[in-house]
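Undergrad: What follows is a single structure, and I will ask about it in a moment.
Number of protein chains: 2
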Amino acid sequence: MLLGRSVRSIDNKGRIILPKEFREDFASGLVVTKGLDACLLLFPMAEWEKKVAKIAEMPEGNEDTRRFTRLFFSNATRLIPDAQGRILIPQHLKEMAELKKEAIVIGLSNKAEIWDPEKWQRYNKESEERYEEAASRLGV
Amino acid sequence: MLLGRSVRSIDNKGRIILPKEFREDFASGLVVTKGLDACLLLFPMAEWEKKVAKIAEMPEGNEDTRRFTRLFFSNATRLIPDAQGRILIPQHLKEMAELKKEAIVIGLSNKAEIWDPEKWQRYNKESEERYEEAASRLGV
DNA sequence: GACTATTCCGCCACAATTCCCCACAAAAGT
DNA sequence: ACTTTTGTGGGGAATTGTGGCGGAATAGTC
Chain A
486 MLLGRSVRSI
496 DNKGRIILPK
506 EFREDFASGL
516 VVTKGLDACL
526 LLFPMAEWEK
536 KVAKIAEMPE
546 GNEDTRRFTR
556 LFFSNATRLI
566 PDAQGRILIP
576 QHLKEMAELK
586 KEAIVIGLSN
596 KAEIWDPEKW
606 QRYNKESEER
616 YEEAASRLGV
Chain B
486 MLLGRSVRSI
496 DNKGRIILPK
506 EFREDFASGL
516 VVTKGLDACL
526 LLFPMAEWEK
536 KVAKIAEMPE
546 GNEDTRRFTR
556 LFFSNATRLI
566 PDAQGRILIP
576 QHLKEMAELK
586 KEAIVIGLSN
596 KAEIWDPEKW
606 QRYNKESEER
616 YEEAASRLGV
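Those sequence lines, one after another, are chains A and B. The first sequence begins at 486 in the numbering used here and counts up one residue at a time. The second sequence begins at 486 in the numbering used here and counts up one residue at a time.
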């Protein structure tokens, strides 16, 4: 189960060290891709396959489907953490998420996300206000 | 699983080096054909056969079917990557996709596409806006 | 049939990137 | 305070991308 938030440095080879607690979920590999709100999404393999199955059900031939699958898959990369539990983020994804020297890694139960610290803070602040509101709307 | 995006040079003999990760899927050969939106489509043999089977189920005699199958098959070429994992794109397909000195190769799970870089960028930009919408609908 | 021209493919070498390993620093636990 | 675990950095080996050269295969011409 992926939980929590941690600040991670990105070394000058572009590697990010995953939190210890995440290693087990990601041990057999993971897929990074473009998430919403300019963050990166990390799926454990099992979760990724569920996602792929879901996408395969979308109506083929449809233009929106084509657009979506092209973006979704073309931004995805299969990664396997090294012996120290680090992953090397592909250049184009690092740019997309505007990652510099540091990153925030957050767990979201069945997947994880990586954010630029500044962006995360901004997003967080915004969310604070809407949190209660959203929670009650969702009936949590 | 075909994933990711890479920029590839086209050497002066018209060869494109497939990304390392794609080799396994394409090792036993592939079929290139005309894709939608002026790109080239690459099918691993197994996927190609599925496609053919599907097309065989289309109502014969129907004019759309005739039109489609003629285009689809007449543009298709069977290729086998050389020992270095390169493929030689047929002239007429290169022209069709307006490929020059560089190409973008993208993985789409069960197939791959080749784009002219400029065209891809333009297409990508257009899709960005609709991406979030489609993604949230899918619960990504 | 032999010669030539063109296309195609394999090999090699260089460059760049990625991966693997080791060492150290910092933090946590005893 | 010492040991253990977790995070960080970097050197160097291995892998991968790229372009060039030359030989094989094919086709076209005399």
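Beta carbons: idealized from backbone N, C-alpha and C, even for Gly. Nothing here was measured: the structure is a model prediction, and the numbers come from that model.
#1: Could you list the residues in the segment 581–593 of chain B with a C-beta less than 9 Å from some C-beta on chain A, going in chain order?
#2: Going by Cα to Cα distance, which pick from E598(B), Y616(B) and A531(B) is closest to D510(B)?
#3: Can you tell which of P575(A), W533(A), L525(A) and I574(A) has its C-alpha closest to the C-alpha of I448(A)?
#4: Find the residues of chain A that neighbour S612(B), judging by a C-beta separation of less than 8 Å, and give them in chain order.
#5: According to DSSP, is E580(B) helix, strand or coil?
#6: Could you work out which residue in L487(B), M486(B), S621(B) and L515(B) is closest to D567(B) when comparing CA atoms only?
#7: Against chain B, with Cβ distances strictly below 8 Å, would L623(A) count as a contact?
#8: When you compare the CB positions of R615(B) and R555(A), do they come within less than 8 Å of one another, or not?
#9: Given that a residue counts as buried once 16 or more other Cβ atoms are within 10 Å of its Cβ, and exposed if not, what is P544(A)?
#10: Which residues does DSSP pair with A512(B) in a beta bridge?
#11: Have a look at S621(A) and E613(A) and give me their C-alpha separation to the nearest angstrom.
#12: Check each candidate in E611(B), E617(B), A619(B) and S594(B) and name the one with the smallest Cα separation from R490(B).
#13: Is I540(A) close to chain B, meaning its C-beta is less than 8 Å from at least one C-beta of that chain?
#14: I'd like to know if R493(B) contacts chain A, where contact means its C-beta is closer than 8 Å to some C-beta of that chain.
TA: The short version:
#1: I589, I591, G592 and L593
#2: A531(B)
#3: Only positions 486 to 625 of chain A appear in this structure, which leaves residue 448(A) out of reach.
#4: R552, F553, R555 and L556
#5: helix
#6: L515(B)
#7: no
#8: no
#9: exposed
#10: Per DSSP, none; premise fails for A512(B).
#11: 13 Å
#12: S594(B)
#13: yes
#14: no
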